[in-house]
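Residue numbers (our numbering): 392 to 1361. These notes concern the structure reproduced below.
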């Protein structure tokens, strides 16, 4: 009977006039179900979103989507935002993933997550084993991507149902925005619902995702008058008058939620739907929400009201036991209150087996929460913080409530908030950490804890607001009686933040001042000196580089590398010696000495600038394989710690730079592009972008793709701004190379002259690091050939002083080009001789083609053909398409026919190459090696040249490289 008292199921009514939306759900599910053996075909759905104001039936659509997905046999993961849980980082993500992980045994769960366990454990609310591990936000997002991808593949097809996303935490929103594009390549459908006008300002990435997706959001409209009439008549009978139904539509505004709730109340009052009942109907309509709802709540009794208030304070996931504890009601009273609230359609049982409760609708939860007086609300949140913490839900759950409590100077509150911040940092949620630490600072902490708290707050803001980091750290340094080790950490972080803001000179000054203040503590003083040397070396406007270099050299001479501080000094000495163009043997000795005790890329309170510089120094010294070994270890360290932001971006980029210097241009381009992609998705990764753009431009130019290099420079405004930090390769020199490739020699000349003056003022004379003289010689050669020759000759001298064969060969090649005529031929020959003793395959190919072209112009066609064939082959293997084209053109111009490649590209040594390498590493002369292999000495030279290029080293590093280089297969 329509008038019988009951607890109706209103879901069908809530879906009235939602045919378009239901068809979209069915189409998306059908699209998802069209798989073969678990592998989905390419789809065009991936994401389905519903928007609308409160009460329009979004949750009903989500419930129906769940039912239909289950009917298809799909796996459903669900989560929803909560008005009071927005500050709980990854709250929605945990709802999605935790049920699946909770169903696994601990060993199974750890095996499932594998190496990602410690990176994502804090974000997912799992017990972490590496408590000191603080991954960056990018690393956590990558880990969550991996977890969700693997769950999807294991349980395919999968539906993610995400309701009330306007109340989702920012961390979950950002993760979803980055992960959602993958859905189209997985057996996965994401269905989300939200109120568009209530999305937080920080939800920009999520808003962009849904608004620019091929499936635009479905905007829900209010019910028509006919729709509301249907709902009313289903409850009170078909005799309900049209005027009565129209007034019901007017009273509810066409809201499905309000219409259904009103109809239920009408049925409970046994109304007929006549004109005489209009006044009573309006009273009932006002009781659905707002004051009428609250009047109805208060009529249920004091204990029930307090229980409802406690439930509203707890938010979306309501434990009856916790609510009873907060409301200070007994167990029987709590059971009775929960039942009364269910009957009144204020609370209902939450889905699942946990025995929890939730509000029938968010509108009701909001109204009940706002019904609590301000003073009582504070007391309830305070009680909630204590109850949640005592129940073992952790400091982050308790901290949410402490944020609603006035500051009272309680040490226990400060301790809880600091503990919550540590968890948030381990979860890759620095914004959440900043929020609770700011509140802890306001509590306030005990005076002796203030400096440590400011330091923790600064660590939380470093990635999101480095300027605030500087303010917090300066305040921490001003505190009295700071522990020396803590003070050193504060200074380190301050120098990092200043450098991040491109205030490198300030960073160097801060470290220098602290070194003077720590005269009584040799260890910390040495550490501060190292930081001073780091930032001095990397500032472009250092006033007296020579004095700093002399001081560094004197200090390094006395050190043995016993501790990390000493090894950092030794590593800096290696880098400085390389920049100054000191003999490469000096560079290599200091570099190896710095590595003997280990030089971690992820040491606590240590930057990775020095380890990276040491690794790159090997590449400049013609031992790129040694550099690659360091990068492989360092990148693995970063990934293990979950550092997948700017650290990974710079590591990938510089790894690509090493491959570029070896002549592996295709691989170099791939690595640098990956580094640039990583940098582009990390907020504040500008230095990593500078490195990546410059190296990518050089690589593109080497491959002959000048237009593409120009487009890249224009997109990133490369060349418009000169950073205050030293970047390599030098940005102005790279931009000048681009100008030269475009034929804009006069502009390049002006820029390179400025670079030369700057580098000479700093006594940085190594053409291996910055070949400005070589580029300038090429720029002025058409108009000032004598000056060009002088520039090239000086570069040759500097390269010889340094001693790296690749640098000498490259400089001699340029001297040959600008000299021209018969005199250039001997210079080309000498350049090739040096380059054959180096791992620089692209520079060798360039020199071979240049020499071949010069020989051809002088009528020495047979010799020209040999050089051009070798150069063409080398260019093809390097991926230097334009150089290979030039070689073929030179051959054709000389009347010679290009030949097919004589050998395939491989990094594996042949048996003769291995034998020649081993004998050479033993110190045997070329004649002995030639006799043993039945070759000429020239044949041995070419064999060894191939060895150096394949292994990535010169003769000095050959013995060490052979220890780990794989042997040829028998």
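Idealized CB from N, CA, C, for every residue including glycine.
In chain order, what residues of the same chain have a beta carbon less than 6 Å from the beta carbon of residue i, not counting five sequence neighbours either side?
i: residue 924; result: 943 and 963
i: residue 939; result: 927
i: residue 608; result: 440, 442 and 601
i: residue 429; result: Note that residue 429 has pLDDT 49, beneath the 50 cutoff, so the model's placement of it is unreliable and no number is given.
i: residue 755; result: 737
i: residue 1065; result: 1043
i: residue 486; result: 470
i: residue 572; result: none
i: residue 1330; result: none
i: residue 423; result: 548 and 580
i: residue 559; result: 472 and 483
i: residue 1346; result: none
So, for residue i: in the same chain, excluding its five sequence neighbours on each side, which residues have a beta-carbon less than 8 Å away from its beta-carbon?
i: residue 788; result: 479, 779 and 780
i: residue 897; result: 889
i: residue 1194; result: 974, 975 and 976
i: residue 427; result: Since pLDDT at residue 427 reaches only 41, below the 50 mark, its modelled position is unreliable, and no value is offered.
With residue i and residue j assumed to form a contact (beta carbons below 8 Å), what rounded beta-carbon distance in angstroms separates them?
i: residue 800; j: residue 834; result: 6 Å
i: residue 890; j: residue 851; result: That pair is no contact at about 19 Å.
i: residue 1353; j: residue 1309; result: 6 Å
i: residue 704; j: residue 775; result: 5 Å
Closer than 8 Å, CB to CB, is residue i near chain B or not?
i: residue 1306; result: Looking for chain B here will not work: only one protein chain is present.
Quick check on residue i: buried or exposed, where buried means 16 or more other Cβ atoms within 10 Å of its Cβ?
i: residue 758; result: buried
i: residue 837; result: exposed
i: residue 986; result: buried
i: residue 1004; result: buried
i: residue 710; result: buried
i: residue 765; result: exposed
i: residue 664; result: buried
i: residue 1322; result: exposed
i: residue 819; result: buried
i: residue 1357; result: exposed
i: residue 638; result: buried
i: residue 1015; result: buried
i: residue 887; result: buried
i: residue 1238; result: buried
i: residue 630; result: exposed
i: residue 646; result: buried
i: residue 1141; result: exposed
i: residue 689; result: exposed
What does the alpha-carbon distance come out to for the pair residue i and residue j?
i: residue 1122; j: residue 1112; result: 9 Å
i: residue 899; j: residue 1070; result: 25 Å
i: residue 808; j: residue 1133; result: 58 Å
i: residue 1115; j: residue 425; result: 56 Å
i: residue 410; j: residue 438; result: 19 Å
i: residue 407; j: residue 618; result: 7 Å
i: residue 1107; j: residue 1085; result: 10 Å
i: residue 593; j: residue 473; result: 16 Å
i: residue 667; j: residue 676; result: 16 Å
i: residue 1300; j: residue 1232; result: 15 Å
i: residue 1153; j: residue 1283; result: 47 Å
i: residue 848; j: residue 863; result: 7 Å
i: residue 735; j: residue 603; result: 42 Å
i: residue 669; j: residue 635; result: 7 Å
i: residue 860; j: residue 1128; result: 38 Å
i: residue 1245; j: residue 934; result: 45 Å
i: residue 364; j: residue 1144; result: The chain is shown only over 392 to 1361; residue 364 falls outside these bounds and no answer can be derived.
i: residue 813; j: residue 783; result: 17 Å
i: residue 882; j: residue 1031; result: 26 Å
Name the DSSP beta bridge partners of residue i, please?
i: residue 442; result: 585 and 610
i: residue 467; result: 550
i: residue 475; result: Answer is none; residue 475 lacks a bridge partner.
i: residue 930; result: 1116
i: residue 749; result: 739
Leaving out five residues on either side along the sequence, give the residues of the same chain with a beta carbon under 7 Å from the beta carbon of residue i.
i: residue 915; result: 875, 879 and 909
i: residue 1056; result: 1090, 1093, 1094, 1233, 1269, 1270 and 1271
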